[in-house]
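Protein sequence lines correspond, in order, to chains A and B.
Going by my numbering, the residue at position 69 of the first sequence is 69; the numbering climbs one at a time, nothing skipped.
Going by my numbering, the residue at position 97 of the second sequence is 207; the numbering climbs one at a time, nothing skipped.
For each residue, glycine too, the CB sits at the ideal point set by N, CA and C.
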Amino acid sequence: GESVGLHLPTLSVQEGDNSIINCAYSNSASDYFIWYKQESGKGPQFIIDIRSNMDKRQGQRVTVLLNKTVKHLSLQIAATQPGDSAVYFCADTTGNQFYFGTGTSLTVIP
Amino acid sequence: DAGVIQSPRHEVTEMGQEVTLRCKPISGHNSLFWYRQTMMRGLELLIYFNNNVPIDDSGMPEDRFSAKMPNASFSTLKIQPSEPRDSAVYFCASSSQGWREKLFFGSGTQLSVL
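Structure representation (structure tokens):
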């Protein structure tokens, strides 16, 4: 089946620095992508999404970049805060099912 | 908006017992999903309902698992009989347009089968 993978399982950043979390997907037909944040003991929480007709989308302190040529997705978090510590998942869909990556654990160092 | 509501939050049971997990989707959402999360396999889709009708249950592990959605505001996932390998966190999620819109997840049910 199709897969969505993450380059790094863990990431540690200093508070105030910017964070970049990467994700590779394999299905070139994927047309919708979502980033989720999951804190310990909670369900995944929607952060930001992007459709394949865009290559960049910005939210509050977060930006998602989509490179369809190399099938790569990234989540940028500006001025990372301790509350950003969590596991981040990317997910893609071709309209058939959401495929979730294995997740990247982000730790923010005070 | 109350979000997706799941119960119970934690369930500890003995092997062979029946387990029923419950979910109330966000009002107005017409799609409901049951996921299972484990360290080894991550998030796995078990079953997907659209307008209360099961559309894709290919992720249901075996006949011991069953899910129902009797109305737009309630769904259950039942495991009978339960086994230790069923231990996981079970999430319910809902969306307004199936796979075309973001999923909203509940807080999950932590299931431990002893």
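query	result
Interface flag, T10 (chain A) vs chain B, CB-CB below 9 Å	no
Cut-off 8 Å between Cβ atoms - residues of its own chain near V13 (chain A), not counting five sequence neighbours on either side	S19, T80, L106, T107, V108 and I109
Residues of the stretch 44 to 65 of chain A whose Cβ lies closer than 8 Å to any Cβ of chain B, in chain order	P44, Q45, F46 and D49
Beta-ladder partner(s) of P164 (chain B), from DSSP	B:F159
T102 (chain A): contacting residues in chain B (beta-carbon distance under 7 Å)	G152
Any C-beta of chain B under 9 Å from that of T93 (chain A)	yes
DSSP three-state assignment for R195 (chain B), whether helix, strand or coil	helix
Environment of A112 (chain B) [buried if 16+ CB atoms lie within 10 Å]	exposed
DSSP beta-bridge partners of V87 (chain A)	A:Q38 and A:S105
Selection of the stretch 199 to 222 of chain B by Cβ proximity to chain A, strictly under 9 Å	V199, F201, C202, A203, G208, W209, R210, E211, K212, L213, F214, F215, G216, S217, G218 and Q220
Cβ-heavy atom distance, Q76 (chain A) to the ligand ZN, below 8 Å	In the structure on display, the ligand ZN does not appear, and there are no ligands present to speak of.
At least 3 beta-carbon pairs within less than 8 Å: the stretch 78 to 92 of chain A vs the stretch 157 to 173 of chain B	no
Residues that E121 (chain B) bridges to, as DSSP identifies them	B:L221
Reduced DSSP secondary structure (H/G/I, E/B, other) of R210 (chain B)	helix
When B:R210, B:N160, B:R132 and B:V223 are compared against G216 (chain B), the one with the closest alpha-carbon	B:R132
Within chain A, the residues that L155 (chain B) reaches when beta carbons sit closer than 8 Å	Q97 and F98
Pairwise C-alpha distance: P191 (chain B) and C23 (chain A)	38 Å
Residue from B:S222, B:D196 and B:S185 with nearest C-alpha to I157 (chain B)	B:S185
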